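Q: The structure that follows is given in the form of C-alpha cells.
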Ligand code: 3PG
C-alpha cells in the first residue's frame with residue numbers, strides 16, 4: 641500500500657504507464673504479472689468497461705507489487721469508487737472543479753488532463769503541476785509540448801494517445817515530459833489470445849527503447 645506518494649515520486653520510478661482497457665476479471669492478474677515480469681510495475685486500468693473497478697481491486701489484492709491506478713475518471717463519483725476499489729492513483733483526460741475538490745480528500749496522486757494554455761492555467765490555479773496531455777499525437781504532441789515549456793516552465797506532462805515504440809523516447813527526451821502512457825503493450829488481441837508472454841516481451845522492448 642502506498643501512502644502519500646506524490647506524482648513526482650510516481651514518475652521518478654515509472655516512465656511508461658501501460659493503459660489498459662479490459663473487462664475480463666479473470667485475466668487481470670496474468671496481465672499484471674506479465675507486465676511486472678517485463679519490468680513495468682505500474683498500470684492504468686481505464687474505467688471504460690463494466691468490470692474495470694473489480695479488475696483494479698483484484699490486481700491491488702493479488703499483485704501488491706503492481707501500482708494499479710484508475711484512468712478515464714470523468715467525475716467525482718468515479719473518483720470515489722476508484723479509491724474504494726484500491727486504486728493507487730487517478731488519471732483523467734481533463735479536469736473539473738469537482739475532481740479537484742475530491743482529490744483533496746484523498747492521499748493519492750491525481751493526474752488530470754490539460755492541453756491548451758487556458759486549461760493548463762486553470763489546472764495550475766487548482767494546484768496541479770503534473771498533467772496528462774491527451775490526445776497527444778492529435779495535438780502534434782512533441783512540437784506542442786516544446787512550445788508549452790517556455791510559458792509553463794513548472795509544469796510536467798505525461799503525454800498519452802498515439803505513443804508507440806518509435807516515438808516514446810522522443811517524448812521522454814523533452815525536459816517537461818516525465819512519463820508516457822500507452823495502450824500498445826496490452827492489446828485486445830494479445831488478451832484474447834491469452835498471450836501474456838508477449839505482454840512481457842512488449843514491456844521489455846518498451847523499456848529498452850527508452851534506455
Ligand atoms: C487512452 O486513454 O486511450 C490512452 O491515451 C492510450 O492511447 P493510445 O491507445 O493511443 O496509446
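Numbering (this note's numbering), first residue to last: 641 to 851. The C-beta atom is built at its ideal place from N, Cα and C for all residues, glycine as well. These numbers were taken from a predicted model, which means no experiment stands behind them.
Which class does residue 761 belong to by DSSP, given the choice of helix, strand or coil?
A: In the chain shown, residue 761 corresponds to position 121, counting from 1. Residue 761 falls in the helix class under three-state DSSP.
Q: In whole angstroms, give me the CA-to-CA distance for residue 736 and residue 721.
A: As a working mapping, residue 736 is identified with position 96 in the chain shown. As a working mapping, residue 721 is identified with position 81 in the chain shown. Straight-line Cα distance between these residues: approximately 17 angstroms.
Q: For the stretch 712 to 790, list the beta strand (DSSP E) runs that are entirely contained and at least 3 residues long, ordered along the chain.
A: With a minimum length of 3 residues, the continuous beta strand (DSSP E) runs that stay inside the stretch 712 to 790 are 770 to 773.
Q: Roughly how many whole angstroms lie between the Cα atoms of residue 842 and residue 802?
A: Taking the chain shown and counting its residues from 1, the one referred to as residue 842 is at position 202. Taking the chain shown and counting its residues from 1, the one referred to as residue 802 is at position 162. So the alpha carbons of these two residues sit roughly 16 angstroms apart.
Q: In this structure, how does DSSP classify residue 706 when only helix, strand and coil are distinguished?
A: Along the chain shown, one-based indexing puts residue 706 at 66. Residue 706 falls in the coil class under three-state DSSP.
Q: Looking only at its own chain, which residues have a Cβ that is under 7 angstroms from the Cβ of residue 738, when we skip the five neighbours before and after it?
A: Position 98 of the chain shown, counted from the start, is the residue given in the question as residue 738. Cβ within range, chain order: 715, 716.
Q: Quick check on residue 679: buried or exposed, where buried means 16 or more other Cβ atoms within 10 Å of its Cβ?
A: Walking along the chain shown from the start, residue 679 turns up at place 39. Counting Cβ neighbours within 10 Å, residue 679 comes out exposed, since fewer than 16 surround it.
Q: Taking 8 angstroms as the cut-off, decide whether the C-beta atoms of residue 768 and residue 755 are in contact.
A: For this step, residue 768 is matched to residue 128 along the chain shown. For this step, residue 755 is matched to residue 115 along the chain shown. For residue 768 and residue 755, no; Cβs fall outside 8 angstroms.
Q: If you draw a straight line from the C-alpha of residue 742 to the C-alpha of residue 749, how long is it?
A: What you label residue 742 is simply residue 102 of the chain shown in a count that begins at 1. What you label residue 749 is simply residue 109 of the chain shown in a count that begins at 1. Between residue 742 and residue 749, the C-alpha separation is close to 12 angstroms.
Q: Cα separation between residue 688 and residue 661?
A: Position 48 of the chain shown, counted from the start, is the residue given in the question as residue 688. Position 21 of the chain shown, counted from the start, is the residue given in the question as residue 661. The straight-line gap from Cα to Cα measures roughly 7 angstroms.
Q: Would DSSP call residue 649 helix, strand or coil?
A: Taking the chain shown and counting its residues from 1, one reaches residue 649 at position 9. Reduced to three states, the DSSP call for residue 649 is helix.
Q: In three-state DSSP terms, what is residue 689?
A: Your numbering for residue 689 matches position 49 in the chain shown. Note: residue 689 maps to coil in three-state DSSP.
Q: Closest by CA to residue 847, which one among 758, 654, 830, 796?
A: Working through the chain shown from its first residue, we reach residue 847 at position 207. Checked all of 758, 654, 830, 796; the closest Cα to residue 847 is 654.
Q: Looking at residue 791: is its Cβ nearer than 8 angstroms to the Cβ of residue 757?
A: Locating residue 791 in the chain shown gives position 151, where the first residue counts as 1. Locating residue 757 in the chain shown gives position 117, where the first residue counts as 1. The answer is yes: Cβ separation under 8 angstroms.
Q: Determine whether the beta carbon atoms of residue 683 and residue 694 lie at a separation below 8 angstroms.
A: Reading the chain shown from its first residue, position 43 is the one you call residue 683. Reading the chain shown from its first residue, position 54 is the one you call residue 694. Not a contact, by the Cβ cut-off of 8 angstroms.
Q: Which residues does DSSP list as the beta-bridge partners of residue 800?
A: Here residue 800 corresponds to residue number 160 of the chain shown, with the count starting at 1. Answer is 821.
Q: Quick check on DSSP: helix, strand or coil for residue 794?
A: Here the question's residue 794 lines up with position 154 in the chain shown. Residue 794: coil per DSSP, three-state reduction.
Q: Just confirm the distance between the C-beta atoms of residue 708 and residue 696, as a whole number of angstroms; I'd bet it's less than 8 angstroms.
A: The residue you call residue 708 lines up with position 68 of the chain shown. The residue you call residue 696 lines up with position 56 of the chain shown. With a Cβ gap of about 5 angstroms, residue 708 and residue 696 count as contacting.
Q: Kindly indicate which three-state DSSP category residue 665 falls into: helix, strand or coil?
A: Counting from 1 along the chain shown, the entry for residue 665 is found at position 25. Note: residue 665 maps to helix in three-state DSSP.
Q: So is the beta-carbon of residue 660 under 7 angstroms away from any non-hydrogen atom of ligand 1?
A: Taking the first residue of the chain shown as position 1, residue 660 is located at position 20. Not so, every heavy atom of ligand 1 lies at least 7 angstroms from the Cβ.
Q: In angstroms, rounded to a whole number, what distance separates the CA positions of residue 824 and residue 656?
A: By 1-based counting over the chain shown, the position of residue 824 is 184. By 1-based counting over the chain shown, the position of residue 656 is 16. Roughly 11 angstroms separates the two Cα atoms.
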